[in-house]
Amino acid sequence: MSDSTPNTFPPISVEPAKRTKARDSLFLVAGLRIDGRPGTLQVRVRNLSPGGLMAEYPHPVEIGCALEIELRGIGKVLGQVAWTAAGRIGIAFDNPIDPLQARKPVVSDKAPAKDKPIKPMF
Numbered sequence: 001m002s003d004s005t006p007n008t009f010p011p012i013s014v015e016p017a018k019r020t021k022a023r024d025s026l027f028l029v030a031g032l033r034i035d036g037r038p039g040t041l042q043v044r045v046r047n048l049s050p051g052g053l054m055a056e057y058p059h060p061v062e063i064g065c066a067l068e069i070e071l072r073g074i075g076k077v078l079g080q081v082a083w084t085a086a087g088r089i090g091i092a093f094d095n096p097i098d099p100l101q102a103r104k105p106v107v108s109d110k111a112p113a114k115d116k117p118i119k120p121m122f
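Heads up: the sequence shown begins at 1 in the UniProt record's numbering, then just goes up one per residue.
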């Protein structure tokens, strides 16, 4: 017996996922400035890749809005809002970054002066 009912299931997509770079999970505080809004807000970055990041952001913002985010070890990066969800924001960078730079320890140009060892007095 042949079934004459049409297939109602959507076709399975064989296209590769939009995200082509691996994300690096981390916890990093960064300064975020959104065009048209006053001041810089500190946000918690939860994952980072060469093309963008996901951060905790408690305020509503429009997709496509231009912004600047300052990342430790990298500096100021220009981008735009790619997506929003409850308490989170996705940022797409205008130019790729090296996410490993954000993981490098931050050191001062001047190393602390070493104290002269104290000679024991026996």
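C-beta: ideal position from N, C-alpha, C; glycine also. Nothing here was measured: the structure is a model prediction, and the numbers come from that model.
Inset, instruction - With DSSP collapsed to three states, give me the class of A102. - result: Here the question's residue 102 lines up with position 102 in the sequence shown. A102: helix per DSSP, three-state reduction.
Inset, instruction - Put P120 into one of helix, strand or coil per three-state DSSP. - result: Numbered from 1 along the sequence shown, position 120 holds the residue referred to as residue 120. P120: coil per DSSP, three-state reduction.
Legend entry - Same chain only: Cβ atoms within 7 Å of D43, ignoring 5 sequence neighbours per side: The residue labelled residue 43 in the question sits at position 43 within the sequence shown. Note on residue identity: the sequence assigns Val, not Asp, to residue 43. Within the same chain, V43 has close Cβ partners A30, L32, A55, E56, Y57.
Legend entry - Collapsed DSSP secondary structure at H59 in the structure displayed: The residue given as residue 59 occupies position 59 in the sequence shown. Coil at H59, not helix or strand.
Legend entry - Cα-Cα separation between H59 and T84, rounded to whole angstroms: Looking up residue 59 in the sequence shown gives position 59. Looking up residue 84 in the sequence shown gives position 84. Roughly 10 Å separates the two Cα atoms.
Legend entry - Residues near I63 by beta carbon distance below 6 Å, same chain, minus five either side: Taking the sequence shown and counting its residues from 1, one reaches residue 63 at position 63. Counting only Cβ-Cβ distances below 6 Å, and skipping sequence neighbours, we find V81.
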